[in-house]
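These protein sequences, in sequence, are chains A and B. To get the working numbering, take the position in the first sequence, counting from 1, and add 1267. To get the working numbering, take the position in the second sequence, counting from 1, and add 135. Before any comments, here is the structure.
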Amino acid sequence: MNNQSAVRLSGVNKNYPHFSLSDVDLDVARGSIMGLIGPNGAGKSTALRIMMGLVRPDSGTVNVLGREIPSEQVAAKWRIGFASEDMPLYQPATLEWHMAFMQGLYADWDSAYADILVQRFDLRKDQKIKGMSHGQRVKSGLLLVLARRPQLLLLDEPTTGLDPVARREVLNELMDVLADEDRTILFSSHNTKDVEQLSDTITFIDRGRIIASQDKEIFIENWRRIRFEPPEGFKLPALAGTTESHLNGRLANMVTRRFGPQVTQALQENGATVHAVERLTLEEIFVAEVMGSREGDNT
Amino acid sequence: MTNKTINRPGFGVIAWRLAVKDFWLIRWPLVGYAAMGALALLFISINHPLTFHAGLVLMVSALAVVGAHLVFASMMHERTNQTLPFLLSLPISYLQYTWSKLLFTIGTFSLFWLALVLGIFAVVNTRDFLLAGMLPYDMIVLTYLALAFVLTLTVGMMTESLAWTIVIMSICNIGISLFMITMTKFPGLGEFLGEPEAVWNTTAIGILAIEVILIVALVGLTILVQSRKTDFL
């Protein structure tokens, strides 16, 4: 295990009757924030549950914060904060009761910080969970995790279903967490905007397979859409990394995942006039990666 | 790193806190069942056939209901209300979770059971019109209720199925009346019900021993099955 890794999955497989997580290799560096993006049913939650020891892989190794999972999950969980969108709290109890419950378990519970979070998240301690909105429940769950100041945060769809204000509050708080360089966040989402704002590393997962994983800036830098005007009888040159191309009369465009000067140069050498080179949004990159993976043409 | 200096509670402390949590969440129904049990003993202690039988029915019902509530409120609801992920995100393994649930549910049921057993002994020994010959029978019936509770609880834990839990609970509840009637006619037991002194013969002790062995075996089987599970959500 790399000492700089907070989470390391090697060759992890998990088979269900209608779904398989296949050969998952994942390395989350300490102090980083990784966004795990995938469509619904891609395997994000399964991967996170394997990291928590809640699901045992059929094969492969899992190491979290230097502990083997699932055998050393209890030792690891003391330093992991896990929150999931579908992780309700106890309905008849108040937020204050939950805070006291957590304080009783965790010696490193930070009461002052918990009170600050109550204010920042606009929550009421004396309110029962059953009387809260979805957003308040999600924020309450996050508060209970954050106030423990865990070294690793595993968050499964933390912003799903939140209104823009609540989402902003949550994202801001996660940014604050990273002020401590030793803390790590791995969060799953199908909302690429959240991931783009927060993450420094991005992993795409689809149909139980990791299809791409690298630094966010590298993703952004490598993907480009090129708009150009082809000459009569133009034939697109064979360029490694081309994921799609369209010819619409006199205007054409192509998308590449390996952009560099050689791409525009090759087009120009074939008589094309390049009009624009545009960056792709993370959502566009995500969709292209998934479609490419599904078509089996990810070269 | 700061975690090296933090004094973390052991599993015993965590299990206790989880049990206190469970108790708090169903504290008011438990108070109600305790009152129901006390009322049952009061009825039994009144020298009138109607109140005596009403007391017996109330006592059996109180134990059956407290068992059902413990199974559903502290365990099945953890799944149906989806609070299990929250619980399992805490620093416990699934086997430890199983232990904490067994300790809480069986411990709480045992308190009620013991209180009723002691109450029955006290009432029978202080009321002249109640015959001590019924005590072995009472103990066997009360232990049957404990067995039915443990069976429902352990089937619920092992199958994680609400449907199976309800099926087993229904069968056990239907079985109460049949069991009570069967025991009144059971050779070596039924004929001593009208005796002024309790007769703890090999039949009575044997039936009680079988019930206790089944309870222990069910708990052991549950621990074994739970320790072999690989997926908890």
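No residue lacks a Cβ here, since even glycine has one placed at the ideal position from N, Cα and C.
For Ser180/B, collect the residues of the same chain with a Cβ closer than 7 Å to its Cβ; drop the 5 residues on either side in sequence, then sort them by chain order.
Val258 and Arg262
Counting C-beta neighbours from all protein chains within 10 Å, is the total for Pro271/B 16 or more, i.e. buried, or is it exposed?
buried
Name, please, each residue of chain B whose Cβ falls closer than 9 Å to the Cβ of Asp1353/A.
Gln217 and Pro220
I'd like to know whether the C-beta of Val1341/A is nearer than 7 Å to at least one C-beta of chain B.
yes
Boundaries (first-last residue) of the alpha helix (DSSP H) holding Ser1407/A
His1401 to Leu1413
Indicate whether at least one CB of chain B lies closer than 7 Å to the CB of Trp1345/A.
yes
Within 10 Å of its beta-carbon, does Met1442/A have 16 or more other beta-carbons around it, so buried, or fewer, so exposed?
The residue in question, Met1442/A, is exposed, as its Cβ has fewer than 16 Cβ neighbours within 10 Å.
In the DSSP assignment, find the unbroken beta strand (DSSP E) run with Phe1495/A in it and report its ends.
Arg1491 to Glu1496
Give me, in chain order, the residues of the same chain whose beta-carbon lies closer than 8 Å to that of Gly323/B; leave out the 5 immediate sequence neighbours on both sides.
Asn336, Thr337, Thr338 and Ala339
Kindly indicate if chain A contains any beta-carbon less than 7 Å away from that of Trp151/B.
no
With a CB to CB cut of under 6 Å and the five nearest residues on each side skipped, what residues in its chain are close to His1401/A?
Gly1428
Same chain, Cβ closer than 7 Å to Ile1552/A, five either side skipped, listed in chain order
Phe1486 and Trp1490
Excluding sequence positions up to five away, which residues of its chain have a Cβ less than 8 Å from the Cβ of Ser1272/A?
The beta carbon of Ser1272/A lies closer than 8 Å to those of Asp1294, Val1295, Ala1296, Arg1297 and Asn1330 in the same chain, with the five residues before and after it left out.
Min CB distance Leu237/B to chain A below 7 Å:
Contact of Leu237/B with chain A is not assigned, every C-beta pair being separated by 7 Å or more.
Could you check the C-alpha separation between Ile1493/A and Arg1435/A for me, to the nearest Å?
33 Å
Going straight from the alpha carbon of Leu205/B to that of Leu246/B, what length do you get?
12 Å
According to the neighbour-count rule (16 or more other Cβ atoms, all chains shown, within 10 Å of its Cβ), is Arg1404/A buried or exposed?
buried
Name the DSSP bridge partner or partners of Asp1423/A?
Ser1351/A and Ser1455/A
Would the beta-carbon of Thr1468/A fall within 7 Å of that of Asp1449/A?
no
Taking 6 Å as the line, does the beta carbon of Ser1287/A fall inside it for any heavy atom of the ligand ATP?
Among the components of this structure there are no ligands whatsoever, and the ligand ATP is therefore not found.
If we count the other Cβ atoms within 10 Å of its Cβ and call it buried at 16 or more, is Ile303/B buried or exposed?
buried
What residue range is occupied by the uninterrupted alpha helix (DSSP H) comprising His188/B?
Pro184 to Val206
Cβ of Asp366/B less than 7 Å from any chain A Cβ?
yes
Roughly how many whole angstroms lie between the Cα atoms of Thr1591/A and Leu1549/A?
Outside the shown range of chain A, which is 1268 to 1566, sits residue 1591/A, and nothing can be said about it.
Interface flag, Val1322/A vs chain B, CB-CB below 7 Å
yes
With distances taken between CB atoms, is the gap from Gly1278/A to Gly1327/A smaller than 7 Å?
Yes, they are a contact pair.
8 Å Cβ cut-off: residues of chain B touching Met1319/A:
Leu223 and Ser224
Does Ser209/B have its Cβ less than 7 Å from a Cβ in chain A?
no
With a threshold of 8 Å on Cβ separation, who are the neighbours of Asn260/B within its own chain once the five nearest residues in sequence on each side are excluded?
Ala267
Does DSSP put Met136/B in a helix, in a strand, or in coil?
Summary for Met136/B: the model assigns pLDDT 43, below 50, so the residue's position carries little reliability; its value from the coordinates is reported in the next sentence. It is coil, neither helix nor strand.
Cβ-based contacts, 8 Å cut-off: residues of the segment 238-253 of chain B near chain A:
none
Under the three-state reduction of DSSP, which class applies to Ser1560/A: helix, strand or coil?
DSSP places Ser1560/A in helix when its eight states are reduced to three.
Going by C-alpha distance, which of Trp1345/A, Asn1520/A, Pro1306/A and Ser1456/A is nearest Leu1419/A?
Trp1345/A
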